[in-house]
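In what follows, a structure is listed as structure tokens, so that the remarks can point back to it.
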Amino acid sequence: QVLLKCLLQQLLLLLLSQQPVSLMQLLCVTFLISFASLSHIHYEEFKEMQNFLVDLVDVFDIGPQKVRFGAVQYSDTYLLEFQIGSDYSKTNLKLAIKNFRQLGGGTKTGQAMNYIRQLVLDPQNARAKNIPVYLIVLTDGESADSVKEAAEILRSHSVKLFAIGVKAANVAELLEITGDPKRVHFVKDFGALKDIKNLVARQIWSSKGNCMIMPACVKLNCIFCSVAVYKDLKADVIFLVDSSGSIGDENYTKMKTFMKHLVNKTTVGRDSIQFGAVQFSDTTNLEFQLNSYSTASPIMDAIDRMTYMKATTYTGKALEFVSQYFTSANGARPNVKKILILITDGVAHDVVKTPAKSLRDSGVIIFSVGVLNANKHQLEEISGKNGKVRYLETFDLLKDIEDDLIFEVYTRSPHSLEHYNALE
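Going by mature numbering (1 follows the signal peptide of the UniProt record, and there is no 0), the letters in the sequence shown line up with residues -23 to -1, 1 to 401, in that order.
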């Protein structure tokens, strides 16, 4: 009912606007992001920072009339890596980020923000054209100069600032930059950046300057916005569910509830999201394939009918088995992004690396959700090290990653994994 009310509100606004504006234009507008980046970090940390930027870029739909990025790297000087108006495809943008070379030197964040201000206020650039502008400041240390005045001037020109601090960054200084504690993020090391990528992206999408927020849509807002900017809303999603004895009846029910919630939060259909399900222990069983159902209700009924298998955990065997159901012969659609969501609580008794790599090489994006005693190393072997592993201490926490996974389903591009592997 909430979803229907929200859609009706959007359609009513369209009718009242008396302008031939599309739903996509009404919900989301073009915006630009500049990255101000880092000074004195080690090579491996610098690579982790680059991977974070690549992952963040991958969330957005890139194009002249969509989302455009600029990048400035700084230390005690600054370097324009690429301009906001650069005509980059997503692949070329990620390659440009991978080609960053560390500057070295001190940290003058205020000076770098003053340079960003010149770019923003240029009549040829976004602010003069009333395009929402976002600046993400990513730093690992305290600035040698003042940031307050430069940040206030940027904010006075409606630039929305986010600050991400790592290691020795000064949190009070980050707050001076953003003026809003909700836009300040701090992580202890560069490896943890991947854990905040979706949070930062969702904050950008849900900003009032970027999306119209209806009273009935607050909880759904970030999903609407990500849907609105994507022309391709199709995805083939298969659940691969651990049904071994270690799960237990109560947790098995919680897994099924989690699956139903994900289905219920998406638009199911032949021209949108298709779902399939396979469960496994020492044997593997197809519950329903991608084209079995075209609406959410029968999918949730089918999930309810799933019975607990028990026995031991053979994840590798299940990965090999599920690969056949991402083919057109079994309901998958050509040129549609393919996603596997694995949920497991234990250690596989067989090899997972080879069948998982085969799936990824065929274009399947694998999200691994590990609970309790799941082996983190095996999960990374399955999904790769591209921020697609979620580890939870209890099955009760599955509800906390629902929106995160939905966001990934809607924003991962069909070939994002292929592009990322090419960059590595």
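By construction, the Cβ of each residue, glycine as well, lies at the ideal position given by its N, Cα and C atoms. What you are looking at is a predicted structure, and each value in this text was computed from that prediction instead of being measured.
Asked: Where Lys125 and Leu152 are concerned, what is the direct C-alpha to C-alpha distance, given to the nearest angstrom?; Found: 9 Å
Asked: Drop a sphere of 10 angstroms on the beta-carbon of Gly47, count the other beta-carbons inside from all chains shown, and report buried for 16 or more, exposed for fewer.; Found: buried
Asked: Between which two residues does the alpha helix (DSSP H) containing His162 stretch?; Found: Where His162 is concerned, there is no enclosing alpha helix (DSSP H), although the beta strand (DSSP E) it sits in stretches over Val161 to Val164.
Asked: Hey, could you find the ends of the beta strand (DSSP E) Gly293 is sitting in?; Found: Here Gly293 belongs to no beta strand (DSSP E); instead the alpha helix (DSSP H) covers Thr292 to Val299.
Asked: Take Asp281 as the anchor and find which of Met236, Leu369 and Asn28 has the nearest alpha-carbon.; Found: Met236
Asked: Is Thr321 helix, strand or coil when you go by DSSP?; Found: strand
Asked: According to DSSP, is Tyr20 part of a helix, a strand, or is it coil?; Found: helix
Asked: Taking the alpha carbon of Asn307 as the point to measure from, which residue in Ser258, Ile318, Gln79 and Val214 has its own alpha carbon closest?; Found: Val214
Asked: With a 10 Å radius around its C-beta and 16 neighbouring C-beta atoms as the bar for buried, classify Ala145 as buried or exposed.; Found: exposed
Asked: Count the other C-beta atoms from every protein chain shown that fall within 10 angstroms of the C-beta of Asp278, then say buried if there are 16 or more, exposed otherwise.; Found: exposed
Asked: Which full runs of the alpha helix (DSSP H) of 4+ residues lie inside the segment 44 to 95, going along the chain?; Found: 67 to 75
Asked: Relative to the C-alpha of Ala127, which residue among Phe163, Gln88 and Val148 is closest?; Found: Gln88
Asked: Nearest to Leu57 by CA position, among Met90, Asn69, Asn28 and Lys330, is which residue?; Found: Met90
Asked: Thinking just about the alpha-carbon of each residue, which of Ile173, Glu21, Ile181 and His134 is nearest to the one in Ile378?; Found: Ile173
Asked: Are three or more beta carbon pairs between the segment 129 to 138 and the segment 152 to 162 nearer than 8 Å?; Found: yes
Asked: In the DSSP assignment, find the beta strand (DSSP E) that holds Gln256 and state where it starts and stops.; Found: Ile250 to Phe257
Asked: Short check: CB of Asp322 to CB of Asp248, under 8 Å?; Found: no
Asked: What number of angstroms, rounded off, separates the C-alpha of Leu(-9) from the C-alpha of Leu131?; Found: Any answer about Leu(-9) is weak, because its pLDDT of 35 lies below 50 and its placement is not dependable; what the coordinates show is given next. Their backbone Cα atoms lie some 36 Å apart in a straight line.
Asked: List the endpoints of the continuous beta strand (DSSP E) containing Ala140.; Found: Val136 to Val143
Asked: For Ser305, count neighbouring Cβ atoms within 10 angstroms of its own Cβ and tell me buried if that reaches 16, exposed if not.; Found: exposed
Asked: Cα-Cα, which of Lys43, Asp53 and Ser123 is closest to residue 412?; Found: Nothing can be reported for residue 412, as the shown portion of the chain is limited to -23 through 401.
Asked: Over what stretch of residues does the beta strand (DSSP E) that includes Ala309 continue unbroken?; Found: Here Ala309 belongs to no beta strand (DSSP E), and DSSP marks it neither H nor E.
Asked: Give me whichever residues DSSP pairs with Gly347 in a beta bridge.; Found: Thr321 and Tyr368
Asked: Rounding to the nearest angstrom, what Cα-Cα distance links Asn28 and Tyr111 in this structure?; Found: 20 Å
Asked: Is DSSP giving Val328 helix, strand or coil here?; Found: coil
Asked: Considering just the uninterrupted stretch of the alpha helix (DSSP H) at Tyr111, what are its terminal residues?; Found: Not the alpha helix (DSSP H): Tyr111 falls in the beta strand (DSSP E), residues Val110 to Thr116.
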